[in-house]
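Engineer: Start counting the sequence shown at 5; every next residue gets the next number (the numbering used here). Just passing along the structure, written as structure tokens.
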Amino acid sequence: MNIQIIETNDIKEFSPDGIHSTPLLDDNNIRTLLLNLDTNQVVGPCQMDVPVIYYVIEGQGHLRVGDEQAKLQTGSLVVVPVEEVRSITADKHIRVLAVQVL
Numbered sequence: 005m006n007i008q009i010i011e012t013n014d015i016k017e018f019s020p021d022g023i024h025s026t027p028l029l030d031d032n033n034i035r036t037l038l039l040n041l042d043t044n045q046v047v048g049p050c051q052m053d054v055p056v057i058y059y060v061i062e063g064q065g066h067l068r069v070g071d072e073q074a075k076l077q078t079g080s081l082v083v084v085p086v087e088e089v090r091s092i093t094a095d096k097h098i099r100v101l102a103v104q105v106l
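Rendered as structure tokens:
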């Protein structure tokens, strides 16, 4: 086994033109992205054919899944089921790890 370490603390780029999405890992089982959103930026809405786990590394925002909305903050972990329409809105700078379970 080879240990693979990805230092996400070194990836703190924000873009005024839209979200900054950095692919971290992509293999047969999972795909991970680091999403950096500036204040009021939005990811989605989108619909995935796999479950997605979101972990908020830092910041604040809101997650909308279907008709439901939940507040996100540093340390929040959310699992969004297959085929659910979702979006994330940043209230402040927010850094989110998105893990797609393939």
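We put the beta carbon where it would ideally sit given N, CA and C, even for glycine. Just so you know, these numbers come straight off a predicted model, no measurement behind them.
Along the chain, where does the beta strand (DSSP E) that runs through N40 open and close?
Structural biologist: 34–41 is the span of the beta strand (DSSP E), which, as asked, contains N40.
Engineer: Output the distance between the C-alpha atoms of H24 and I34, rounded to the nearest integer angstrom.
Structural biologist: Those two C-alpha atoms are separated by around 20 Å.
Engineer: Tell me whether N44 is buried or exposed, calling it buried when 16 or more other Cβ atoms sit within 10 Å of its Cβ.
Structural biologist: With fewer than 16 Cβ atoms within 10 Å of its Cβ, N44 is classed as exposed.
Engineer: Can you tell me which of D95, R68, A94 puts its alpha carbon nearest to the alpha carbon of V82?
Structural biologist: Cα-wise, what sits closest to V82 is R68.
Engineer: Could you name the residues that DSSP lists as bridge partners for D14?
Structural biologist: D14 is not bridged to any residue.
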